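Student: I have a structure here, written as structure tokens, and I will follow up with some questions on it.
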Amino acid sequence: MSDVEKSGPVPVTIYTREDCSPCVVARETIERVASELAVDIDLELVDVDEDPKLADEYGERVPYVFVDGTPAFKYEVDERELKLKLLAAS
Numbered sequence: 005m006s007d008v009e010k011s012g013p014v015p016v017t018i019y020t021r022e023d024c025s026p027c028v029v030a031r032e033t034i035e036r037v038a039s040e041l042a043v044d045i046d047l048e049l050v051d052v053d054e055d056p057k058l059a060d061e062y063g064e065r066v067p068y069v070f071v072d073g074t075p076a077f078k079y080e081v082d083e084r085e086l087k088l089k090l091l092a093a094s
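If you read the sequence shown in my numbering, its first letter stands for residue 5, the second for the next number, and so on.
Here is the structure:
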């Protein structure tokens, strides 16, 4: 790791919905990987069904994950890619 770290946690947003088991797996994976890497994250969960625009935009395409404001994963989180993205953003 570099000696100079960016300030603050890495923002991670998961677009999700109720009763979405892949969404639960995505969240658990993100939290576990961030913990293993000792990278602080600011995790935000957004229920797409609470906003008609989001429901139209994402529909059944959840979980949809953004890391540091950039689209990162759809449906499934790849642990190796997540590690790279978190380290690059931290």
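Glycine included, every Cβ here is placed at the ideal spot set by N, Cα and C.
Nothing here was measured: the structure is a model prediction, and the numbers come from that model.
How would you label threonine 74, buried or exposed, when you count the other beta carbons within 10 angstroms and need 16 or more for buried?
Tutor: Taking the first residue of the sequence shown as position 1, residue 74 is located at position 70. Under this definition threonine 74 is an exposed residue.
Student: Within 10 angstroms of the Cβ of arginine 31, are there 16 or more other Cβ atoms? Answer buried if so, exposed if not.
Tutor: The count along the sequence shown starts at 1 and reaches residue 31 at position 27. Buried.
Student: Measure the alpha-carbon distance for valine 16 versus leucine 49 and round it to whole angstroms.
Tutor: Numbered from 1 along the sequence shown, position 12 holds the residue referred to as residue 16. Numbered from 1 along the sequence shown, position 45 holds the residue referred to as residue 49. If I take the Cα positions, the gap works out to 9 angstroms.
Student: Enumerated in chain order, which unbroken segments of the alpha helix (DSSP H) with a length of 4 residues or greater are wholly contained in the segment 24 to 82?
Tutor: Entirely contained in the segment 24 to 82, the alpha helix (DSSP H) runs reaching 4 residues are, in chain order, 25 to 41 and 56 to 62.
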